[in-house]
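Residue numbers (UniProt numbering), protein chains in the order written: chain G, 1 to 247; chain X, 1 to 247; chain C, 1 to 247; chain P, 1 to 247.
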């Protein structure tokens, strides 16, 4: 049984984490803390792991406090920079038995999709990305699609693969979409959708499609629980949930 | 048994038509004419129907010659204008027993998809079009996608439907694609593909997707044969294969 | 402004209908009645239309009471037989100005999908149905998939179309799925899904796919509101939402 | 420049390999041998690599002959058993500088799809496989689908994952399809299709879909060329194209 504290337990994600930990037979929820609560309560409650879904302005201080308290940390809060990650890595050297996971995305399908897309990208002549979201989204393309395209572009560059072929000479209205690091990205906005992404890879005579559909925030919970179960046996700093996955 | 002549029988489409007519148990190929052959040969061979896949500069003269010869016509050649259609309609008044079908597209899946998309468009809050083709195509979006978008837009306008919702305020790279008569159209180019199109329609909590895949020119043959079988019992001018379909 | 009463307003569907009517600018909610309330309250509140999402044992009596009260009815409750429909039809002859819509399915995407599948079925050599649902569903295939397959089979029979080709001689584990009126139907059960269906139609070189995704019960509301708006100007009994749609 | 001989050059696959090698700027075709030709001709022509697409009765002898001749081998012919693979492995110990690749499938999309499906399988509650082929296929499900399902099942067993949830109690017509090592597999047969497969993985609120489409035998060529380029720098026996891919 792993004992778990949730920081930011009253937030949208925190509420889901509290429920998911409570429902898992191998985990025990020992503390559900609000933004204003003292992180030391997690230690007094006997938590081995703390899950942080607080706010960008609080998360780094929380992690350092958790390390001092001897508690492993799983962090979904955004706002981490290269510098702040380095400070955590350095701090962890004092406590080599502790693990910290900082992950921008806990949706397993999205994490796997990006990983598979990058792995496959060098083996196909063509690759494009189509993301589809609800029509209330204000930015296009989605951050995940940009991240996916950059991962694909980096993998192709490392393998010395040329740009995807494209004979288009006449596209007066911009139907070919955005080009992110050389990869075409298309953004669909449709009532009824939540968050979806397709990576299309093509060779002569064959196509590989990797599609993710996220219907609900509850989809992040299997990834959060995976992080909790793994962080206790993976000392050191890990960035990205896929670093805990056997792929 | 319906007797059939093929005009432009040596062309890419004509060759397929010759084979398809030859393989159909209820049709008999009686003449396979080249561009330079005299259309009157079709009459001498006893053709009830002539299928014209010649060239834009010849097709109108061919149709008028066929009407004079008392032969029904199924025409897949492009280049027809409103004026040239009116001239055929007028000519047919002299021969009220004859039928002429002029169709820009004989792929049943594409014809049905456009028809269904237009019929469904007024019942959904959102609609977008994604077309996907091989990367040697020089124009984007495809003519079929433009035609599809216009049919959708016209159906929505006729029903007084507002534009699809879209909160996008930040799209620096054009990921939202082309806008054709108010309908977003996206063009994917991928090695291995031939010609594909998806119409996506969305309401709160539901989505309807209509997708067509064309892998081969042979896909036009069921539509051509449908035209041949129907033109002999549908006097007058028909434009578009769907005018012969019970939908 | 159309005035609306909801019968079964406290039920799962009724709650959604109350909210949807309340949010529609051209509709006014004048009564929200529970199962035990007297239907006459709808008349006293001045309702032009009553929406019935009650229970199979109550719905027929409700409709006859509404007809006597001079109120149009939109009915989503199940349990109607051929005989009970005939009794409503007969009763309506006394009140030729009233309309009654009885619909088993208000999801526009599902209604359209079934209609389009039946319309397209005669134009393709092959057709199969794949339905996908959450894994807590106890029956397979879904009632909607059976209904879809039967509509397809009836359309093909009416047009004299042969069975879909199938050379399978070795299928020891039943991978080819169920056969409903000659149409193969496959049932997928997957955590995370709600209710989805694909109709696949194939000819040499081409494919047409019609897919519906229902993510939420809210998806029935556009169909219910369509029924409310149309029933006031469509006297007589209508069965199936598609009878009110211009397709 | 890598020099290449093709064994079985006149066969369906061999013809494609001859063309693909001829078109690759970094490869040189030095010998195109028929089934009856002496393999030693490949050595006399100076081949560094031989590609074997012959017949099951000849392929093992060919590989041993190639090893004796000091030529690396890329083998797509089927019929290999555990014992015949062991004999090649043993023979290669005498020539530790040589590489042999024996691969049942050279379609990159299929190889990647099976690998990704197996890698992802342990992270999802549900997984099912849908394969779609032309209607002239006599067996169901396809060998690739069986292989995919077994890989998924093995990965889940190794990770101690329970069976996919399924509440089905009523399925009189077998709509739930085949069950291969506990994984449901569905087989669709549709005119116009070639060879396609979808792996569907589901968690609460999310879905991951991995789809491959093979339209043409030419789709095997990128995989064959990858094998040729890698075998010269990967001594020893490799089974499966994915053993040469950085995934």
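Built from N, CA and C at the ideal position, the CB exists for glycine as well.
C-alpha distance - residue i paired with residue j, whole-angstrom precision
{"i": "residue 73(G)", "j": "residue 14(G)", "result": "14 angstroms"}
{"i": "residue 56(C)", "j": "residue 112(C)", "result": "25 angstroms"}
{"i": "residue 81(C)", "j": "residue 137(P)", "result": "43 angstroms"}
{"i": "residue 182(G)", "j": "residue 114(P)", "result": "28 angstroms"}
{"i": "residue 212(P)", "j": "residue 129(P)", "result": "12 angstroms"}
{"i": "residue 155(G)", "j": "residue 244(G)", "result": "20 angstroms"}
{"i": "residue 26(C)", "j": "residue 162(X)", "result": "15 angstroms"}
{"i": "residue 135(X)", "j": "residue 76(G)", "result": "40 angstroms"}
{"i": "residue 48(X)", "j": "residue 20(X)", "result": "17 angstroms"}
{"i": "residue 159(X)", "j": "residue 127(X)", "result": "14 angstroms"}
{"i": "residue 210(C)", "j": "residue 150(G)", "result": "33 angstroms"}
{"i": "residue 87(C)", "j": "residue 197(C)", "result": "34 angstroms"}
{"i": "residue 40(X)", "j": "residue 65(X)", "result": "8 angstroms"}
{"i": "residue 94(X)", "j": "residue 37(X)", "result": "26 angstroms"}
{"i": "residue 166(C)", "j": "residue 58(P)", "result": "34 angstroms"}
{"i": "residue 190(G)", "j": "residue 233(C)", "result": "31 angstroms"}
{"i": "residue 230(P)", "j": "residue 89(P)", "result": "18 angstroms"}
{"i": "residue 206(P)", "j": "residue 185(G)", "result": "22 angstroms"}
{"i": "residue 157(X)", "j": "residue 35(X)", "result": "43 angstroms"}
Inter-residue CB distance, residue i and residue j (contact presumed, cutoff 8 angstroms)
{"i": "residue 239(X)", "j": "residue 102(X)", "result": "5 angstroms"}
{"i": "residue 145(P)", "j": "residue 171(C)", "result": "Contact flag wrong, Cβ pair sits at about 12 angstroms."}
{"i": "residue 177(G)", "j": "residue 202(X)", "result": "At roughly 19 angstroms, the Cβ-Cβ gap does not stay under 8 angstroms, so residue 177(G) and residue 202(X) are not in contact."}
{"i": "residue 45(C)", "j": "residue 23(C)", "result": "Not really, about 19 angstroms apart at Cβ, beyond 8 angstroms."}
{"i": "residue 168(C)", "j": "residue 199(C)", "result": "The pair is not a contact, with the Cβ atoms about 20 angstroms apart (cut-off 8 angstroms)."}
{"i": "residue 236(C)", "j": "residue 69(C)", "result": "Incorrect: roughly 17 angstroms between the Cβ atoms, too far for contact."}
{"i": "residue 143(P)", "j": "residue 174(C)", "result": "Contact doesn't hold; Cβ gap of about 17 angstroms is too wide."}
The ligand COA heavy atom lying under 7 angstroms from the CB of residue i
{"i": "residue 130(G)", "result": "For the ligand COA, the structure offers nothing, since it holds no ligand at all."}
Bridge partners - residue i, DSSP secondary structure assignment
{"i": "residue 180(P)", "result": "183(P)"}
{"i": "residue 49(C)", "result": "4(C) and 72(C)"}
{"i": "residue 133(C)", "result": "189(C) and 195(C)"}
{"i": "residue 31(C)", "result": "5(C)"}
{"i": "residue 139(X)", "result": "170(G)"}
{"i": "residue 100(P)", "result": "73(P) and 237(P)"}
{"i": "residue 126(P)", "result": "202(P)"}
Close-in-space but distant-in-sequence residues of the same chain around residue i (CB under 8 angstroms, 5 per side omitted)
{"i": "residue 17(P)", "result": "6, 9, 51, 53, 221 and 224"}
{"i": "residue 124(C)", "result": "201, 202, 203 and 208"}
{"i": "residue 215(C)", "result": "194"}
{"i": "residue 241(G)", "result": "101, 103, 105, 106, 108, 111, 223, 226 and 227"}
{"i": "residue 84(P)", "result": "60"}
{"i": "residue 246(P)", "result": "none"}
{"i": "residue 43(X)", "result": "69, 70 and 71"}
{"i": "residue 1(G)", "result": "26, 27 and 28"}
{"i": "residue 164(X)", "result": "125, 126, 127, 128, 182, 183 and 184"}
{"i": "residue 33(G)", "result": "5, 6, 7, 8, 9, 39, 41 and 42"}
Chain-order list of residues whose beta-carbon lies under 7 angstroms from that of residue i (same chain, five-residue window excluded)
{"i": "residue 12(G)", "result": "217"}
{"i": "residue 153(G)", "result": "181, 182 and 183"}
{"i": "residue 3(G)", "result": "28, 30, 46, 47 and 48"}
{"i": "residue 120(P)", "result": "201 and 208"}
{"i": "residue 96(X)", "result": "235"}
{"i": "residue 117(G)", "result": "148, 151, 152, 199 and 210"}
{"i": "residue 62(C)", "result": "7, 39, 52 and 54"}
Residues near residue i by beta carbon distance below 6 angstroms, same chain, minus five either side
{"i": "residue 79(X)", "result": "56"}
{"i": "residue 187(G)", "result": "131, 140 and 141"}
{"i": "residue 276(P)", "result": "The structure shown does not extend to residue 276(P), since chain P spans only 1 to 247, so no value can be given for it."}
- Could I get the ranges of all uninterrupted alpha helix (DSSP H) runs contained in the segment 199-241 of chain C, with 4 residues as the minimum, in chain order? 221-231
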